[in-house]
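*Asks:*
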Amino acid sequence: MRPDQPTRSLSNRRQFLRRLGITSAVGYAAYLAHQVSPSPLSTDANGLLGKGRALWAAETSEATSETSGGYLKQSLKAGMIRAGKSDAANPWIERFRIAKDAGFEGVEPNTSPGMDVKAMVAASAETGLTIDGTVGGYHWGTTHTSPDAATRKKAQQLLEESLQQTADLGANTFLIVPGHGKDGTAEEVRQRAFEALDRAVPLAEKLGVKILIENVWNHFLYDHGGDEKQSAQPLADFVDSFNTSWIGVQFDLGNHWKYGDVAEWVKTLGHRIGKLDIKGFSREKGRFTDVTEGDIDWASVRKALAEIKFEGWVAAEVGGGDAERLKKIHGQIETALHCSKSLSQIKAETA
């Protein structure tokens, strides 16, 4: 388990399981299998199903590297998966199967008011593809830092709904873009972003879902017009300002190569990183690329990840496609990060 991993007491988990009439891990697994059957999901007003699944995921996460055989487990954004024919009753089954067959272990869907939680949970159970996290499907169009109070109120509602959906899916992280630098002055944007996330922390803690900020081109906590020698310290300071382990970073390894050294950003963010995203970027051409087709120094990134002792999920965020395309992406991520190796092997090869 990561040093900063949010934890719940064993007694709280046992209390939750007793409420369900369950006394063992095997019994809980059977319970989950029942919950993802074609029958409607069973959950009370407090989202106990989602809460229990998220807590279980958090408490068993320390076994990640031992069970997977590697220090990183590969996930991808759900929108990347392209399927030809699929079951109209539940198209997610075929999509999840394609991703699983391509080698991915997890998937991250976008939250939305119309998300079919039941279908996705059933598809996860059918295929064995883990829904490890979610991505805010609203945060570009409805920003938390908008100068309009009504827009900020709507964004807050969508954030809370997204956290609940994440928990009900059995995932334990929610990726968010907290705002946009063009919404006001630097201080106004920072304050609005802080207030929105800080207000959501109690719900995140209740559901067992960690809120992860992604580093994106949103003119926030870096200088969009600046050079390539910028630091991740402003982002680290922003995360630290919440004084809680329920706010962290889903660090995209390709997004800010234009502005700073990826390996140095990894080391600066350190324990704040809950998960990783990955894509390529070419400084020479000034554009995003497939993972291994830009000019990022992946050896230095692997060394940095070993230094901060990171183990966990890395999610592809590139142009998707069919089964063959996804297999190629999976292979590129392996080439870049050597995901299937143990953390000790990564340390040895980068020493």
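Numbering (the UniProt record's numbering), first residue to last: 1 to 351.
Positions of the beta carbon are idealized from the N, C-alpha and C atoms, including for glycine.
Predicted, not measured: the structure shown is a model, and the values here were computed from it.
Which whole-angstrom value is the C-beta distance of Lys77 and Glu126, which I expect to be below 8 Å?
*Replies:* Not a contact, Cβ separation roughly 20 Å.
*Asks:* Distance check for Ala155 and His139, CA to CA, integer angstroms please.
*Replies:* 7 Å
*Asks:* Do you know how far the Cα of Arg272 is from the Cα of Pro202?
*Replies:* 19 Å
*Asks:* Check this for me: beta carbons of Ser245 and Tyr71, under 7 Å apart or not?
*Replies:* no
*Asks:* Check each candidate in Met120, His180, Val291 and Lys229 and name the one with the smallest Cα separation from Lys327.
*Replies:* Looking at the Cα atoms, Val291 is the closest of the given residues.
*Asks:* Report the option in Ser112, Ala119, Gln233 and Ser162 whose CA atom is closest to the CA atom of Glu94.
*Replies:* Ala119
*Asks:* Which runs of the beta strand (DSSP E), 3 residues or longer, sit entirely within the stretch 225 to 307?
*Replies:* 247 to 252, 273 to 278, 280 to 282 and 287 to 289
*Asks:* Ordered along the chain, which non-local residues of its own chain (more than five positions away) have a Cβ less than 6 Å from that of Thr185?
*Replies:* none
*Asks:* Is it buried or exposed, Ala63, if we count other Cβ atoms within 10 angstroms and call 16 or more buried?
*Replies:* Residue placement at Ala63 is poorly supported in this model, since its pLDDT is 45, which falls under 50; the coordinates still yield a value, given next. Exposed, since its Cβ has fewer than 16 Cβ neighbours within 10 Å.
*Asks:* Can you list, in chain order, the residues of its chain with a C-beta nearer than 7 Å to that of Gln230? Leave out the 5 residues immediately preceding and following it.
*Replies:* Tyr222, Asp223, Tyr259 and Gly260
*Asks:* Looking at C-alpha atoms only, which residue of Ala171, Arg192 and Asn172 is the closest neighbour of Gly179?
*Replies:* Arg192
*Asks:* Determine, using beta-carbon pairs with one atom in the stretch 169 to 176 and one in the stretch 129 to 146, whether at least three such pairs fall under 8 Å.
*Replies:* These segments touch.
*Asks:* Just to confirm before moving on: does the CB-CB distance between Glu105 and Lys73 stay below 7 Å?
*Replies:* The beta carbons of Glu105 and Lys73 sit closer together than 7 Å.
*Asks:* Compute the Euclidean distance between the alpha carbons of Gly321 and Met80, then round it to the nearest angstrom.
*Replies:* 6 Å
*Asks:* Pick helix, strand or coil for Thr166, following the three-state DSSP scheme.
*Replies:* helix
*Asks:* Can you tell me whether Thr151 is helix, strand or coil according to DSSP?
*Replies:* helix
*Asks:* State the beta-bridge partners of Thr173 as determined by DSSP.
*Replies:* Lys210
*Asks:* Going by beta carbon distance, what residues of the same chain come within less than 6 Å of Asp44, once the five residues before and after it are set aside?
*Replies:* Unreliable placement is indicated for Asp44, whose pLDDT of 42 sits below 50; the coordinate value is still reported in the next sentence. So no residue of the chain qualifies.
*Asks:* May I ask which residues mark the beginning and end of the beta strand (DSSP E) holding Gly312?
*Replies:* Counting along the chain, Gly312 sits inside the beta strand (DSSP E) bounded by residues Gly312 to Ala316.
*Asks:* Leaving aside the five residues before and after Leu337 along the sequence, list all residues of the same chain whose C-beta is less than 8 Å from its C-beta, in chain order.
*Replies:* Leu72, Ile278, Trp298, Val301, Arg302, Leu305 and Val314
*Asks:* Taking the Cβ atom as the reference point for each residue, do residue 353 and His256 lie within a distance shorter than 7 Å?
*Replies:* Here the chain comprises residues numbered 1 to 351, so residue 353 is not present and cannot be evaluated.
*Asks:* Going by DSSP, what residue range makes up the alpha helix (DSSP H) through Lys118?
*Replies:* Val117 to Thr127
*Asks:* Between Val189 and Thr142, which are expected to be in contact by the criterion C-beta below 8 Å, what is the C-beta distance as a whole number of angstroms?
*Replies:* Contact between Val189 and Thr142 fails: their C-beta atoms lie close to 15 Å from each other, not under 8 Å.
*Asks:* With a threshold of 16 other CB atoms inside 10 Å of the CB of Asp183, please say whether the residue is buried or exposed.
*Replies:* buried
*Asks:* Where Lys347 and Lys309 are concerned, what is the direct C-alpha to C-alpha distance, given to the nearest angstrom?
*Replies:* 9 Å
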